[in-house]
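J.: Residue numbers (this note's numbering): 3 to 153. Glycine included, each C-beta is placed from N, C-alpha and C at the ideal position.
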Amino acid sequence: MLTIASRLDVMNRLGRAMADPTRSRILLSLLESPGYPAELARMLGLTRTNVSNHLTCLRDCGIVVAEVEGRRTRYEIADGHLARALDALLDTTLAVDADAPCLDPQCPVAGCCEDGAGEGTGTAADGGSAGEPDAGGGAGSDAAVVTGARS
C-alpha cells in the first residue's frame with residue numbers, strides 16, 4: 003500500500019539512501035539515465051546481487067521506481083522533482099572544517115576519518131580530486147571546499 007510520507011520521513015529516507023556510498027553511486031548513475039541491475043553492476047564494478055539489494059532499498063524508500071520490461075526490470079528516479087533536487091544538491095559547495103574531529107571512527111565515507119582528510123577537495127569517488135589544493139581558501143584556510151561536480 004502506498005502512503006504519502008511526512009516531510010521528516012522524506013528527509014530521513016533520503017539521508018538513509020545517500021548515507022551508503024554504493025547507493026549514492028547508483029543514484030548518480032540513475033540521474034544520468036534509467037538503468038538495469040546487470041548494467042549498473044557492470045558499470046559500477048559490483049555484483050548484480052549487491053546492486054539489486056541496494057535498488058530494493060532505494061525502491062522501498064520511494065526514491066526509485068522499477069518498471070518491468072519483459073524479463074528485465076528498468077530502474078529510474080521516482081520523481082522529476084527528486085531528480086532536480088538531487089542535481090541541485092550535487093551543485094552545492096560545502097565548506098568543511100578540516101580540523102573537526104570525526105565522530106565515528108568506523109565511518110565508511112572515503113576521506114572523512116583518514117589522516118589528512120580535508121587537505122584536498124575529496125576523492126575521485128565523490129567527484130573531487132584528492133590532493134589538489136582546496137579551491138576555497140588557499141594556504142592557511144581553516145576549511146576545505148568539497149564540490150559536487152560530476153564526472
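Is it a yes or a no for the stretch 49-63 touching the stretch 18-27, going by three-plus beta-carbon pairs under 8 Å?
T.: As far as the Cβ criterion goes, the stretch 49-63 touches the stretch 18-27, which means the pair count is three or higher.
J.: I'd like to confirm the pairing. Which residues does DSSP put opposite Glu-71 in its beta bridges?
T.: Looking up residue 71 in the sequence shown gives position 69. According to DSSP, which records beta bridges pairwise, Glu-71 is partnered with Arg-74.
J.: Can you tell me which residues form a DSSP beta bridge with Ile-79?
T.: Translated into the one-based positions of the sequence shown, residue 79 becomes position 77. According to DSSP, Ile-79 bridges with Val-66.
J.: In three-state DSSP terms, what is Thr-5?
T.: Position 3 of the sequence shown, counted from the first residue, corresponds to residue 5. It is coil, neither helix nor strand.
J.: Quick one: Cα of Gly-120 to Cα of Ala-97, how far?
T.: In the sequence shown, counting from the first residue as 1, residue 120 sits at position 118. In the sequence shown, counting from the first residue as 1, residue 97 sits at position 95. At Gly-120, the pLDDT of 38 sits below 50, so the modelled position is not reliable; the number obtained from the coordinates is stated separately. Taking the straight line joining both Cα atoms gives about 10 Å.
J.: Let me check you understand the geometry: is the CB of Thr-51 closer than 7 Å to at least one non-hydrogen atom of the ligand NAD?
T.: Among the components modelled here there is no ligand, and therefore nothing to report on the ligand NAD.
J.: Do Ser-54 and Met-45 have their C-beta atoms within less than 8 Å of each other?
T.: Position 52 of the sequence shown, counted from the start, is the residue given in the question as residue 54. Position 43 of the sequence shown, counted from the start, is the residue given in the question as residue 45. Not a contact, by the Cβ cut-off of 8 Å.
J.: Leu-200 and Leu-29 look like a contact to me (Cβ under 8 Å); what is the Cβ gap, rounded to whole Å?
T.: The question about residue 200 has no answer here: the residues shown for the chain are numbered 3 through 153.
J.: Run through DSSP, which three-state label would Gly-47 get?
T.: Start at 1 with the first residue of the sequence shown, and residue 47 comes out as number 45. It is coil, neither helix nor strand.
J.: Do Tyr-171 and Thr-75 have their C-beta atoms closer together than 8 Å?
T.: Limits of the chain in this structure are 3 at one end and 153 at the other, which puts residue 171 out of reach.
J.: How long is the line joining the alpha carbons of Asp-81 and Ala-40, rounded to whole angstroms?
T.: Translated into positions along the sequence shown, residue 81 becomes position 79. Translated into positions along the sequence shown, residue 40 becomes position 38. A straight-line Cα-Cα distance of about 23 Å links Asp-81 and Ala-40.
J.: Since Thr-24 is in the alpha helix (DSSP H), which residue starts that stretch and which ends it?
T.: On the sequence shown, position 22 is the one that residue 24 refers to. Note, Thr-24: alpha helix (DSSP H), 23-34.
J.: Using only the alpha-carbon positions, how far apart do Leu-10 and Gly-64 sit?
T.: Residue mapping note: residue 10 aligns to position 8 of the sequence shown, counting from 1. Residue mapping note: residue 64 aligns to position 62 of the sequence shown, counting from 1. Those two C-alpha atoms are separated by around 14 Å.
J.: For Arg-25, I'd like the list of residues in its chain whose CB is within less than 7 Å of its CB, leaving aside the five on either flank, ordered along the chain.
T.: Here the question's residue 25 lines up with position 23 in the sequence shown. Counting only Cβ-Cβ distances below 7 Å, and skipping sequence neighbours, we find Ala-19, His-56, Cys-59 and Leu-60.
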